[in-house]
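In my numbering, the protein residues as written are 1 to 91.
We treat Cβ as the ideally placed atom computed from N, Cα and C, and that holds for glycine.
Worksheet: one structure, shown below.
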């Protein structure tokens, strides 16, 4: 990872995860270690061809990765408000 980041402008290495197969904890561990190594070297990784199941599993364990082709989360359109039930505790 350090060698890959040494030759990359912007400090981002793209990891093609399309061939990982069904997502599991081994994939989560691998990606977490790659991201940690990349951050220590001053960079980040971006996932290519990540399945929705892999993205969901990563989110479940608290890991957020940028993915290619992923639409960024945005504010809801104007005029759309979230409903709040009275009596709900503030959270």
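Would DSSP call residue 44 helix, strand or coil?
If you number the chain shown from 1, residue 44 lands on position 44. Looking at residue 44 - three-state DSSP - the assignment turns out to be strand.
If you check the beta carbons only, do residue 28 and residue 61 fall under 9 Å apart?
Translated into positions along the chain shown, residue 28 becomes position 28. Translated into positions along the chain shown, residue 61 becomes position 61. Yes, Cβ-Cβ distance for residue 28 and residue 61 is below 9 Å.
Just to confirm my understanding: we take residue 45, look at its own chain, exclude 5 residues before and 5 after, and list those with CB closer than 6 Å. What are they?
Position 45 of the chain shown, counted from the start, is the residue given in the question as residue 45. Closer than 6 Å at Cβ, skipping near neighbours: 13, 15, 34, 35 and 38.
Would you kindly work out how many angstroms separate the C-alpha atoms of residue 59 and residue 48, rounded to a whole number?
On the chain shown, residue 59 is found 59 positions in, with the first residue counted as 1. On the chain shown, residue 48 is found 48 positions in, with the first residue counted as 1. The alpha-carbon atoms of residue 59 and residue 48 are separated by roughly 16 Å.
Whose CA, out of 20, 67, 66 and 24, lies closest to the CA of residue 57?
Within the chain shown, residue 57 is the residue found at index 57, counting from 1. Cα-wise, what sits closest to residue 57 is 24.
If I'm right that residue 41 touches residue 5 with Cβ under 8 Å, what's the distance once you round it to whole angstroms?
Along the chain shown, read from residue 1 onward, the residue named residue 41 stands at position 41. Along the chain shown, read from residue 1 onward, the residue named residue 5 stands at position 5. That belief holds up - the Cβ atoms of residue 41 and residue 5 are roughly 5 Å apart, short of 8 Å.
Helix, strand or coil for residue 49, going by three-state DSSP, please let me know.
Mapped onto the chain shown, residue 49 falls at position 49. Coil, per DSSP.
Taking the CB atoms as reference points, tell me whether residue 11 and residue 50 lie closer together than 9 Å.
Locating residue 11 in the chain shown gives position 11, where the first residue counts as 1. Locating residue 50 in the chain shown gives position 50, where the first residue counts as 1. No, these two residues do not count as a Cβ contact at 9 Å.
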